[in-house]
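Report on the following structure.
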Amino acid sequence: MSTEFFKVNGIQVANIKNNSEIAFFGIAILAGSNFETPEIAGISHFTEHMAFKGTSSRNWSQINNEFAMLGVSNNAYTSNNEVLYHTTCPKDNIEPVIDLMLDMFFNSTIPEEELEKERGVIMEEKKMYDDDPRCAFQDAIGDNMIVWDKGHSTIGTFDTIKNIKRQQFIDFLNNKTNLSNFIFVCSGDIPTEKLKGYIESRVPASHPYIKYGTRNEIGIDLWSESVKSPDKFKLIFERENISQTNIDMMGRSLSVNDACYDDASVLYKAIGGGMYSLLFSRLREDLGLCYSTGIGAWAISYPDVSVYDLYGYIDPKNIDLFVEEAEKILDDVIKNGISEDLFQCAKVDYLGGIMRSTETSFGKASYMIKRYLYGGKMNISDKIEKIKSVKRETCNELAGKLLTERNWAVMIPK
């Protein structure tokens, strides 16, 4: 499988070849919540919603009905780093789907009456997240332990949702969601020349409020002042109507572009990636402390600022024991490394997960879209070969570099 790249009116396009009857088309923009300011927190997410609310030739109902008639599964999301509008459809329908997607985005009118209705929808979405204890805990971690630009909630606050004005949407589109921060990604059995023709006929050479501008950039700061305190727990968050303690421990990890990124990912798998892992074996199987524990890793500011997160869900009386046992595991890995058997389990698990997740057109595009958005040109087959070359010795060397920073946070019943 290969990926072919070309440009249309200065916008990068990636065509991921895949022999499938289902095709993917997505619009990815380097314009997530990391690029906001406090008075417009949540505007990236709000703007994402407004793209579905009407164009100069279609209202929201027509957009929804056309997607359905074309057999489309469509959605969008906003993260710290990017906004993605994505569709999958029968490959024979890819041209009208592209027509609809590009109309929906490039000809969006941001109608005032729809903006006010959607404001209420997003208020309800925020209430839904706030009602979820895990979401509330993650927001508290972001607000208290991470610098504002990277830590604040993607959905914003009730005040900012309530007060963002239409002109601020236009200004944000012009300044941050500009054409220099775009990439279109297609995945499926679509010839590149046909794809180029489909897009060229539908991307305007100019736009009333989406202009060419500069690439968005963000700094590498991560932790807030609270993390510098000498306390073991940098955050103790109380929550009513819960019976379990949620516990998280975070440390800075490698840039996604680091040559050793995959080695670090295999290391995390060995420590907390599955039923064979050290955390699961000790904390669940040996001690029966929890149902769920492990390590996750994500780029909180792609590609340079990433964190790993060791987590568990436990009885409040077992907080100290969980922390003690988890730190023993980390200390032992730093001192003695991971065994060959454990390394092989983690490496094959990591590789198998990527192969499973990239089996479909949607999976291939979803996995590669961030990398392409940030200028990468690697194919999935190249990525698989790179993972096959990961060495246990490198994983063990990384343990001392990555596992010493430990910032604990806990959510306890109130």
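Residue numbering for the sequence shown follows this note's numbering, starting at 1065 and increasing by one per position. Built from N, CA and C at the ideal position, the CB exists for glycine as well. Remember, predicted model here, so these are calculated numbers, not experimental data.
Between the options, which lies nearest to residue i when the distance is taken from Cα to Cα?
i, options, result
"I1158", "S1251, G1416 and V1369", "S1251"
"N1144", "D1368, K1452, D1395 and D1413", "D1368"
"A1429", "N1129, L1406, E1130 and T1151", "T1151"
"T1309", "L1318, S1317 and L1299", "L1299"
"G1283", "E1112, K1155 and D1213", "D1213"
"M1047", "S1265, A1200 and K1434", "No information on residue 1047 is available, as it lies outside the stretch 1065 to 1478 that the chain covers here."
"D1413", "T1357, P1255, G1337 and E1423", "G1337"
"Q1076", "A1087, T1221, L1243 and Q1202", "L1243"
"Y1325", "F1297, Y1366, A1092 and S1341", "Y1366"
"T1142", "D1295, Q1232 and G1106", "G1106"
"E1391", "L1347, I1186 and Y1377", "L1347"
"E1289", "N1471, N1083 and A1092", "N1471"
"D1373", "L1466, Q1408 and K1381", "L1466"
"N1129", "A1473, I1080 and V1161", "V1161"
"P1154", "R1435, R1303, T1424 and I1451", "T1424"
"E1085", "F1070, D1156 and M1133", "D1156"
"Y1431", "V1072, A1078, F1070 and K1071", "A1078"
"A1092", "I1433, N1460 and F1070", "I1433"
"D1446", "A1363, N1280, L1415 and F1131", "L1415"
"E1302", "A1473, N1083 and I1080", "A1473"
"I1393", "G1358, S1270, W1362 and K1275", "G1358"
"I1247", "I1080, E1449 and E1180", "I1080"
"P1477", "D1395, G1464 and K1381", "K1381"
"N1083", "K1450, F1426, L1094 and Q1126", "F1426"
"K1226", "I1398, I1234, A1204 and K1181", "K1181"
"L1148", "A1361, K1450, V1249 and F1233", "V1249"
Using DSSP bridges, identify the partner residues of residue i.
i, result
"E1302", "I1476"
"L1374", "M1313 and I1359"
"W1287", "I1210"
"N1172", "Per the sequence presented here, residue 1172 reads as Ser, with Asn not at that position. S1172 is bridged to T1119."
"S1251", "I1080 and F1088"
"S1365", "V1369"
"F1246", "I1093"
"F1297", "W1472"
"C1354", "I1378"
Buried or exposed: where does residue i fall if 16 or more other Cβ atoms within 10 Å of its Cβ makes it buried?
i, result
"M1165", "buried"
"S1021", "The chain is shown only over 1065 to 1478; residue 1021 falls outside these bounds and no answer can be derived."
"E1457", "exposed"
"K1411", "buried"
"K1292", "exposed"
"K1333", "buried"
"T1224", "buried"
"V1185", "exposed"
"A1115", "buried"
"G1074", "exposed"
"D1327", "buried"
"T1111", "buried"
"K1240", "buried"
"A1087", "buried"
"E1304", "exposed"
"Q1202", "buried"
"S1307", "exposed"
"S1270", "exposed"
"E1146", "buried"
Given 7 Å as the limit, tell me if residue i has its C-beta closer than that to any heavy atom belonging to the ligand HEM.
i, result
"I1254", "Among the ligands in the structure shown, none appear at all, so the ligand HEM cannot be discussed."
Measure from the C-beta of residue i to each C-beta in chain B and report whether the shortest distance is under 8 Å.
i, result
"S1244", "Here chain B cannot be found, since the structure has a single protein chain."
Tell me where the beta strand (DSSP E) around residue i begins and ends.
i, result
"E1068", "T1067 to V1072"
"K1081", "I1075 to K1081"
"L1148", "V1147 to P1154"
"S1137", "S1137 to T1142"
So residue i is in the alpha helix (DSSP H); what residue range does that whole segment cover?
i, result
"A1095", "First-last for A1095: undefined, no H or E at that position."
"S1125", "W1124 to M1133"
"S1265", "No alpha helix (DSSP H) holds S1265; DSSP gives it neither H nor E."
"V1330", "Y1325 to G1336"
"D1111", "Position check: residue 1111 holds Thr in this sequence, whereas Asp was assumed. Looking at the DSSP string, the run of the alpha helix (DSSP H) that includes T1111 is I1107 to M1114."
"T1422", "Segment: none, T1422 is in no alpha helix (DSSP H) and carries neither H nor E."
"I1451", "I1444 to K1452"
"D1384", "I1383 to N1400"
"F1222", "F1222 to N1227"
"F1233", "R1230 to N1239"
Quiz item: Do three or more CB pairs link the segment 1122-1141 to the segment 1186-1206 at distances below 8 Å?
Solution: No: fewer than three Cβ pairs fall under 8 Å.
Quiz item: Would you call the segment 1166-1182 and the segment 1204-1224 touching, i.e. three or more CB-CB distances under 8 Å?
Solution: Output reads no: the segment 1204-1224 does not touch the segment 1166-1182.
Practice problem: State whether the segment 1167-1183 contacts the segment 1109-1123, with contact taken as three or more CB pairs (one from each stretch) at a distance under 8 Å. | Solution: Verdict: yes, contact present.
Quiz item: Would the segment 1348-1355 and the segment 1416-1426 be scored as touching if the rule is three or more Cβ pairs under 8 Å?
Solution: At 8 Å Cβ cutoff, the stretches do not touch.
Quiz item: For the segment 1389-1403 against the segment 1431-1445, are there 3 or more C-beta pairs whose distance is under 8 Å?
Solution: Segments in contact, no.
Quiz item: Are three or more beta carbon pairs between the segment 1099-1111 and the segment 1254-1270 nearer than 8 Å?
Solution: No: fewer than three Cβ pairs fall under 8 Å.
Quiz item: Counting Cβ pairs closer than 8 Å, one from the segment 1216-1233 and one from the segment 1066-1076, do we hit at least three?
Solution: The segment 1216-1233 is not in contact with the segment 1066-1076.
Quiz prompt | Segment contact, 8 Å Cβ cut-off, at least three pairs: the segment 1261-1270 with the segment 1286-1303 | solution = By the Cβ criterion, the segment 1261-1270 is not in contact with the segment 1286-1303, since fewer than three pairs of Cβ atoms, one from each stretch, lie closer than 8 Å.
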